[in-house]
Every structure is written in structure tokens, then in C-alpha cells.
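Engineer: What follows is a structure written as C-alpha cells; I'll ask about it next.
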Amino acid sequence: MTIREENSVGALEAMSRFAIDPRWLIYLPPTMSPTETCKEGEWLEHPTEAIAYYQKKGIKKLICEEKHMGSRAIVVVCRDHETAQKRFRIHGDEIGSCYTRTGRPFFSQAGTEQIFLEYLQEAITQSHLWETLQTNWICFDGELMPWSAKAQTLLKQQYASVGAAAEAALLEVNHLLSQAQSRSIAGLEELCDRAVEQQEMVASYRNAYRNYSWPVKTIEDYKFAPFHVLAHENSLNMDRDHLWHLHLIDQLCMNHSPLLQKTAHQLVEPENEESCQQAIEWWLALTKRGGEGMVVKPLDFTLKTEKGLVQPGLKCRGKEYLRLIYGLEYSVENNLNRLRKRGLKEKRSLALREYALGYEALRLFVSREPLYKVHEAVFGVLALECEPIDPRL
0 MTIREENSVG
10 ALEAMSRFAI
20 DPRWLIYLPP
30 TMSPTETCKE
40 GEWLEHPTEA
50 IAYYQKKGIK
60 KLICEEKHMG
70 SRAIVVVCRD
80 HETAQKRFRI
90 HGDEIGSCYT
100 RTGRPFFSQA
110 GTEQIFLEYL
120 QEAITQSHLW
130 ETLQTNWICF
140 DGELMPWSAK
150 AQTLLKQQYA
160 SVGAAAEAAL
170 LEVNHLLSQA
180 QSRSIAGLEE
190 LCDRAVEQQE
200 MVASYRNAYR
210 NYSWPVKTIE
220 DYKFAPFHVL
230 AHENSLNMDR
240 DHLWHLHLID
250 QLCMNHSPLL
260 QKTAHQLVEP
270 ENEESCQQAI
280 EWWLALTKRG
290 GEGMVVKPLD
300 FTLKTEKGLV
310 QPGLKCRGKE
320 YLRLIYGLEY
330 SVENNLNRLR
340 KRGLKEKRSL
350 ALREYALGYE
360 ALRLFVSREP
370 LYKVHEAVFG
380 VLALECEPID
390 PRL
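Each residue of the sequence shown is one higher than the one before, starting from 0 at the first, in numbering that gives the first Met the number 0.
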């Protein structure tokens, strides 16, 4: 695998200045491609295309998982300080780390992170996962919510400001149009209809980002939704199927910790029309109540065919969530037709390369290889993230 020199320099700079203690940095998650673009109709993304992709690959069993609208978080947690010292060479009171998909600390204050890790440590103890897995440390992949906790500035400057400006402008437009209605102006009725349509789109836009925002005052206000038990002592779990992972996470959530949230899921058989339709209806219900969408995956975590590695997952985002990504009026027919031409080849190539590097990093760590070898793969993931790819994909 070749990585551009300029990308490597950028990754090393970022890691040197902003990353967590490198001894905790054993994995970074890959990017994920969206599903193929719908060729017609009101949708840009739809489960039909995701299911069809895997069906063409000859895959018989899929799993659809709820896509949480939070911030990606990798969490490494130890059973005790002794494990942190012996396995991770940490000297101090740390029992783990919670970091972003770019290797930076998730929490701005170390005290908040410590409380979060203690909650998770207690949940693991109460659910007997240490004994079930015969381990003293676990690496989780999940989503930490609300999105606003990590993206407050983005919400205020990019989303809220756009929504407020659009709403204010349309109020003035509607006022002027109502004044003009007493005069017989050609095309005025069409303008009025257009303004009403725009108002509806602005309302949908504002509701979309509000669903992912709530106040965070204490640690109990966070929600962590783990969906992968990536690794533990002597075991790399990226070769186990997704039901194995979700079963353990259900066990973890059984103690009703206010911090933890299960990941809803649905099994699908691509060759069974009824099964596919049930998955589509489930996705529609998720997005209708404000969810981001779902991720469609092969039931097997890591899957290879004769032609190589299969995409480990395809995200299928809802119509209203995509309004945040592509803009208020993306669903207008002309805009939608233009967006259908988006290319996915580079994004999918990137997703597979990053996945392979993440897999290799964890394999090396579990095998007790030197940390510099683990970091070669980890830094490679971050270097690939510097590739010039459309960030909306």
C-alpha cells in the first residue's frame, strides 16, 4: 500500500501535536462509503442500492444497523490500573482512553474522560464481560452522542446560522409577496408556491440538526452506543460476525447504565424480497422519527471474495439528514439530478485501504508486536484521510 509523502507529513504533524498518549493509540476506524446513488425518484440514497451491491457479490446474509448521529469514538478501557501499567505501559491513574476517529482526545477535560471510563468499566464488571472474554482490557468502537457535544461550533456557525438566515429572509419574501397579491402580476402565483416550498425545506433543515442536539451538563447526559467489540487480550474480533458483537453489547447494556445505548439492527436476506422490503420499511421508520439512517453490512465482519475485500459497510442516509450535507434545496429535482452524478470509486478504494490498515494495527497489538509497528498502520489511516475526497460522501 502506497501513501503519499505529503500525506504522511501531515499525519505525523497532527499526531505529534494533537493526539492522545500514543500508548493508547492502537486503532483508527476507516471512512465509510455511501450506497450507490438512486438513478431516479425522490431519493438520493436508498437501501435498495446497498442490498443490490452485496447481492451482486454473492453475499447471502446482511445486517442493517441503526446509524447513530453522534461522533465516532474509540474507547480502550482496562479492568484495573495494573493492566494499564503492564499491557499499555501507563504509569499513573489512567484506566483507558476515549478518542476521536483522528486520534484526538474526545473530551476536553481529563476528569470527564476518567468519569466516563469508570462508568464503562463498572458496566463491564456488572455484565461479567471480563470473565466472558477472559480479558483485562477491551477496545470498543462506537458512537458518542449528542453530536452537539463535539460539534457545538459547527452547529452554531454552519447549520444554525444558515437556518436562521434562511428563515428570516423567507419571512421578508412572503411579506412582499402577500403585498403584491392585490396586483395582477404574471407568474406571482408560481413565486408564492415556490416560497411555501422553500419554507418547508427550511423547517425540515432546522428540525434535522435539532434532533442531534441536547444540553450536556453531566456525564449522564452523554450516550455511548458501542457497535463493535474490536479486540481484547489474545483476540482480534474483526473476524467474528456482527451478531457476536451485538450480543455482547446487549449483555453490556443489561445493567441499564444511563450512559449506554443499544444499537438496533435488522437481518436481511438479499435474495428474499420480503426480507428486503422489511429492511426498507425499518429504514423509513428510523428516518421518519429523525434518525440519520442505517449502515448495511455483510453479516461477516471481514469478508473476502475472489476479487478481494468486500466493502465492510455502506451507509444509507435518510432524506432529511442529507439536507444537512448537501444543502437546504438539494431535494429540488434539478439539484437532485446533478447530485446523482457523484462518483464513489475513490471513496470506496479509500474505505478498503483504511479498513485493512486498521485491521493490521489491531492484529499487531494483540500479537504483542512493538508499538512502532502498530503506529505505522495507525498513522497510515490518518495519512489516507488527507486524500482530496468529497467530504459530503
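Ideal Cβ positions, reconstructed from N, Cα and C, are used throughout, including at glycine.
#1: Going by DSSP, name the residue or residues bridged to V365.
#2: Bridge partners for W136 per DSSP, in chain order?
#3: Hey, how far is the Cα of R209 from the Cα of R362?
#4: Could you tell me whether the region 205-219 touches the region 261-270, using the rule of 3 or more Cβ pairs below 8 Å?
#5: By how many angstroms is the C-alpha of Y204 removed from the C-alpha of E273?
#6: Locate the beta strand (DSSP E) running through R316, then write down its first and last residues.
#7: Would you check if the distance between the CB atom of N236 and the CB atom of F300 is smaller than 9 Å?
#8: Classify L242 as buried or exposed, calling it buried when 16 or more other Cβ atoms lie within 10 Å of its own Cβ.
#9: How would you write the range of the beta strand (DSSP E) that P225 sits in, first residue to last?
#10: Where does P297 land, buried or exposed, given buried means 16+ other C-beta within 10 angstroms?
#11: Check each candidate in E5, N135, W23, G57 and name the one with the smallest Cα separation from E305.
#12: Let me confirm a value: H231 is counted as buried when at least 16 other C-beta atoms fall within 10 Å, else exposed. Which label applies?
#13: Which term fits G91, buried or exposed, when burial requires 16 or more other beta carbons within 10 angstroms of its beta carbon?
#14: Please identify the residue among Y118, E291, E188 whose C-alpha is closest to the C-alpha of L259.
#15: Between the region 345-357 and the region 30-47, can you find at least three pairs of beta-carbon atoms closer than 8 Å?
#16: Give the DSSP bridge partners of S15, in chain order.
#17: Rounding to the nearest angstrom, what Cα-Cα distance links G326 and E319 in this structure?
#18: Alpha carbon to alpha carbon, how far is L169 from L187?
#19: Within 10 angstroms of the Cβ of L24, are there 16 or more other Cβ atoms? Answer buried if so, exposed if not.
#20: How far does the beta strand (DSSP E) with L154 in it reach, from first residue to last?
#21: Starting from the Cα of T134, find the closest Cα among V172, V76, L175, E93 and give me that residue.
#22: Thinking C-alpha only, which one of I137, V195, I19 is nearest E171?
#23: Taking all protein chains shown into account, do 16 or more other C-beta atoms lie within 10 angstroms of the C-beta of V373, making it buried, or fewer, making it exposed?
#24: Secondary structure at E93, three-state DSSP: helix, strand or coil?
#25: Within a Cβ cutoff of 7 Å, which residues of the same chain sit near L11, ignoring the five residues on either side of it in sequence?
#26: Which residues in the same chain have their Cβ closer than 7 Å to the Cβ of Y26, if we skip the five residues on either side of it in sequence?
#27: Between which residues of its own chain and T82 is the CB-CB distance below 7 Å, once the five residues before and five after are set aside?
#28: Distance, Cα to Cα, L128 vs N336?
#29: Might you give, ordered along the chain, the residues of its own chain that have their beta carbon closer than 8 Å to the beta carbon of L176, omitting 5 neighbours on each side?
#30: What separation, rounded to the nearest whole angstrom, lies between the Cα atoms of E62 and H244?
Structural biologist: According to the structure data:
#1: For the purposes of this step, residue 365 is taken as the residue at position 366 of the sequence shown. Answer is none; V365 lacks a bridge partner.
#2: For the purposes of this step, residue 136 is taken as residue 137 along the sequence shown, with counting starting at 1. Note: W136 is bridge-paired with C77 in the DSSP secondary-structure output.
#3: For the purposes of this step, residue 209 is taken as the residue at position 210 of the sequence shown. For the purposes of this step, residue 362 is taken as the residue at position 363 of the sequence shown. Spanning the alpha carbons of R209 and R362 requires a straight line of approximately 40 Å.
#4: The region 205-219 vs the region 261-270: no contact.
#5: Locating residue 273 in the sequence shown gives position 274, where the first residue counts as 1. Locating residue 204 in the sequence shown gives position 205, where the first residue counts as 1. So the alpha carbons of these two residues sit roughly 33 Å apart.
#6: Locating residue 316 in the sequence shown gives position 317, where the first residue counts as 1. Unbroken beta strand (DSSP E) run through R316: 313-316.
#7: Start at 1 with the first residue of the sequence shown, and residue 236 comes out as number 237. Start at 1 with the first residue of the sequence shown, and residue 300 comes out as number 301. Judged by their CB atoms, N236 and F300 are nearer to each other than the 9 Å cut-off.
#8: Working through the sequence shown from its first residue, we reach residue 242 at position 243. L242 comes out exposed.
#9: The residue labelled residue 225 in the question sits at position 226 within the sequence shown. Annotation for P225: the continuous beta strand (DSSP E) segment containing it runs 222-231.
#10: Within the sequence shown, the letter at position 298 stands for residue 297. Buried: at least 16 other Cβ atoms inside 10 Å.
#11: Translated into the one-based positions of the sequence shown, residue 305 becomes position 306. It is G57 whose Cα lies nearest to the Cα of E305.
#12: Here the question's residue 231 lines up with position 232 in the sequence shown. The residue is buried, with at least 16 neighbouring Cβ atoms inside 10 Å.
#13: For the purposes of this step, residue 91 is taken as residue 92 along the sequence shown, with counting starting at 1. Counting Cβ neighbours within 10 Å, G91 comes out exposed, since fewer than 16 surround it.
#14: Residue mapping note: residue 259 aligns to position 260 of the sequence shown, counting from 1. Comparing alpha-carbon positions, the option among Y118, E291, E188 lying closest to L259 turns out to be Y118.
#15: Taking a cut-off of 8 Å on C-beta distances, the region 30-47 touches the region 345-357, as three or more cross pairs fall below it.
#16: Start at 1 with the first residue of the sequence shown, and residue 15 comes out as number 16. Residue pairing from DSSP leaves S15 without any beta-bridge partner.
#17: Counting from 1 along the sequence shown, the entry for residue 326 is found at position 327. Counting from 1 along the sequence shown, the entry for residue 319 is found at position 320. When rounded, the distance between both Cα atoms is 10 Å.
#18: Residue mapping note: residue 169 aligns to position 170 of the sequence shown, counting from 1. Residue mapping note: residue 187 aligns to position 188 of the sequence shown, counting from 1. For L169 and L187, the distance between alpha carbons rounds to 15 Å.
#19: Translated into the one-based positions of the sequence shown, residue 24 becomes position 25. Classification for L24: buried.
#20: Reading the sequence shown from its first residue, position 155 is the one you call residue 154. Note, L154: premise wrong, no beta strand (DSSP E); not H, not E.
#21: In the sequence shown, counting from the first residue as 1, residue 134 sits at position 135. T134 has its Cα closest to that of V76, out of V172, V76, L175, E93.
#22: Within the sequence shown, residue 171 is the residue found at index 172, counting from 1. Out of I137, V195, I19, V195 has the C-alpha closest to the C-alpha of E171.
#23: Taking the first residue of the sequence shown as 1, we reach residue 373 at position 374. Counting Cβ neighbours within 10 Å, V373 comes out buried, since at least 16 surround it.
#24: By one-based count along the sequence shown, residue 93 stands at place 94. In this structure, E93 counts as coil in the three-state DSSP scheme.
#25: One-based indexing of the sequence shown puts residue 11 at position 12. Answer for L11: F378, listed in chain order.
#26: In the sequence shown, the residue the question calls residue 26 occupies position 27. Result list for Y26: I73, C138, L229, G357, A360, L361, V377, in chain order.
#27: Here the question's residue 82 lines up with position 83 in the sequence shown. Spatial neighbours of T82 in its own chain (CB-CB distance under 7 Å, excluding positions within 5 residues in sequence) are listed in chain order as N135, W136.
#28: Counting from 1 along the sequence shown, the entry for residue 128 is found at position 129. Counting from 1 along the sequence shown, the entry for residue 336 is found at position 337. Between the alpha carbons of L128 and N336 lies a distance of about 49 Å.
#29: Within the sequence shown, the letter at position 177 stands for residue 176. If you ignore the 5 residues before and after L176, its C-beta comes within less than 8 Å of the C-beta of L187, L190, C191, A194, all in its own chain and listed in chain order.
#30: Taking the first residue of the sequence shown as position 1, residue 62 is located at position 63. Taking the first residue of the sequence shown as position 1, residue 244 is located at position 245. Position check: residue 62 holds Ile in this sequence, whereas Glu was assumed. Distance between the alpha carbons of I62 and H244: 12 Å.
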